[in-house]
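Have a look at the structure below, then the notes.
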Amino acid sequence: MGDQEEKGIYLFCGIQTEQDGDSFGTVEIEGTEREIFTIGYKDAAMVVAEVPMKIYHPNRDNLMFHQNTVSKVMEQNNTVIPISFGNVFKTRDDVKVLLENLYPQFEKLFPEIKGKIEVGLKVIGKKAWLENKVNENPEAVKKAAAVKGKSEAASYYERIQLGGMAQKMVQEIQDDIKTEIFSPLEKTAEAAKANESLSETMLLNASFLVDRDKEELFDEKVNEAHEKWKDKVDFKYTGPWPAYNFINIRLTVEES
Amino acid sequence: MAVQKSTDSSSLAEVIDRILDKGIVIDAFVRVSVVGIEILTVEARVVIASVDTWLRYAEAVGLLRDEVEEEGLPAQSNERGNAQFSI
Chain X
1 MGDQEEKGIY
11 LFCGIQTEQD
21 GDSFGTVEIE
31 GTEREIFTIG
41 YKDAAMVVAE
51 VPMKIYHPNR
61 DNLMFHQNTV
71 SKVMEQNNTV
81 IPISFGNVFK
91 TRDDVKVLLE
101 NLYPQFEKLF
111 PEIKGKIEVG
121 LKVIGKKAWL
131 ENKVNENPEA
141 VKKAAAVKGK
151 SEAASYYERI
161 QLGGMAQKMV
171 QEIQDDIKTE
181 IFSPLEKTAE
191 AAKANESLSE
201 TMLLNASFLV
211 DRDKEELFDE
221 KVNEAHEKWK
231 DKVDFKYTGP
241 WPAYNFINIR
251 LTVEES
Chain H
1 MAVQKSTDSS
11 SLAEVIDRIL
21 DKGIVIDAFV
31 RVSVVGIEIL
41 TVEARVVIAS
51 VDTWLRYAEA
61 VGLLRDEVEE
71 EGLPAQSNER
81 GNAQFSI
């Protein structure tokens, strides 16, 4: 233990940088302060820390040390390529080899993401509003009344039909929200992506790539939409993130 | 009164949603064998300006998800109450 521990290099993100040795301070990883440093190649660098070689579990503290470090880097650098959580390489040379191999991709990515941030917008339907919507549908109300008082087994097919109705309704609301909220915001963004909803009442789960110059304008647009919809839905607006949803690089080793 | 964005720790679910399987995702095998290997397969897809379906690497993520559920779920289910942002 202690000094005898095997060390590895933990990866936070890639950046574009003209200088060697950017300084991003330290980060506390599982109780120990670690220095954040860079490993460079041409105008690219990996932001890393030396840590004990082991598997880092994605618990709250660990996820947050990763995220907080990336946020800190983003405050100083406007071209950040996000790397997923938990990657530890054996040596600095390994990281360098990796960066050299990734460089052609980085070169293409840098101009695309320079000065841009990702923001997330989740729209969640308020329960009362959704229930009201259901009550506007006479067929659903009738069916729901018919199911009441019956055993689950006796009303099995009716329950399935009810479920189908509810799903169709939510789908229709999701389509409305896409037209009314997502599409207008997409126009102010450089790129937009609608991910799958994570729960039944989530009506929109979107990410937008926004130019820093248009960040304020985009915030305003989100607020305008919120003003219009706030009685019906809740907004969960997050960012700035690095472009997690707009960069998809999968690395595997080809066995030859 | 405005909706303001943030990335603070109250949004752990948002963090999980991003940092586990998005951005650059590295196969565990790359991590243990990178030195001397010249043939790294880079499957890059930059989805700038498009709305492609996300390729989910279910196995890899599935492994991680269990851990998250153990330690991260209470925070996530709080979030379902979604009362944290200022309206």
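In the order they appear, the protein sequences are chains X and H.
Note that the numbering used here gives residue 80 to position 80 of the first sequence, counting from 1, and the numbers run on in steps of one.
Note that the numbering used here gives residue 87 to position 87 of the second sequence, counting from 1, and the numbers run on in steps of one.
Where is the CB? At the ideal position from N, CA and C, for every residue including glycine.
{"Asked": "Interface partners of X:Val47 on chain H, CB under 9 Å", "Found": "Here the premise fails: no neighbours, minimum Cβ distance about 12 Å."}
{"Asked": "Endpoints, beta strand (DSSP E) assigned at X:Leu198", "Found": "No beta strand (DSSP E) contains X:Leu198, which DSSP labels as neither H nor E."}
{"Asked": "Residues of the stretch 73–91 of chain X whose Cβ lies closer than 9 Å to any Cβ of chain H, in chain order", "Found": "Ile81, Pro82, Ile83, Ser84, Phe85, Gly86, Asn87, Val88, Phe89, Lys90 and Thr91"}
{"Asked": "Three-state secondary structure assigned by DSSP to X:Met169", "Found": "helix"}
{"Asked": "Stretch-stretch touch, CB-based, cutoff 8 Å, three pairs: the stretch 123–130 of chain X with the stretch 87–98 of chain X", "Found": "no"}
{"Asked": "Residue span of the beta strand (DSSP E) that contains X:Ala49, given as start and end", "Found": "Ala44 to Pro52"}
{"Asked": "CA-to-CA distance, X:Val134 to H:Ile24, given in whole angstroms", "Found": "42 Å"}
{"Asked": "From X:Leu251, X:Asn245 and X:Thr252, residue whose alpha carbon lies closest to that of X:Pro260", "Found": "Residue coverage of chain X in this structure runs from 1 to 256, which leaves residue 260 of chain X outside it and unanswerable."}
{"Asked": "Any 3 or more C-beta pairs closer than 8 Å across the stretch 134–145 of chain X and the stretch 191–210 of chain X", "Found": "no"}
{"Asked": "Short CB-CB distance (under 8 Å) between X:Ser23 and chain H", "Found": "no"}
{"Asked": "Contact test: X:Asp234 Cβ vs the ligand FAD heavy atom, cutoff 7 Å", "Found": "With respect to the ligand FAD, the structure offers nothing, as it holds no ligand at all."}
{"Asked": "Beta-carbon proximity of X:Leu98 to H:Asp27, cut-off 8 Å", "Found": "no"}
{"Asked": "Three or more C-beta pairs below 8 Å linking the stretch 177–185 of chain X and the stretch 198–218 of chain X", "Found": "yes"}
{"Asked": "Minimum C-alpha distance to X:Asn68 - residue among X:Glu112, X:Ile36, X:Lys236 and X:Lys214", "Found": "X:Ile36"}
{"Asked": "Chain H residues whose Cβ lies nearer than 9 Å to that of X:Ile36", "Found": "Within 9 Å Cβ-Cβ: nothing; X:Ile36 doesn't reach chain H, min ~16 Å."}
{"Asked": "Amino acids of chain H, ordered along the chain, whose beta-carbon sits closer than 7 Å to that of X:Thr188", "Found": "Correct list: empty, because the minimum Cβ distance to chain H is about 14 Å."}
{"Asked": "Every unbroken beta strand (DSSP E) within the stretch 175–235 of chain X, with a cutoff of 3 residues, ordered by chain", "Found": "191–194 and 202–211"}
{"Asked": "Same chain only: Cβ atoms within 7 Å of X:Glu216, ignoring 5 sequence neighbours per side", "Found": "none"}
{"Asked": "Span of the alpha helix (DSSP H), counted from its first residue to its last, around X:Tyr103", "Found": "Arg92 to Ile113"}
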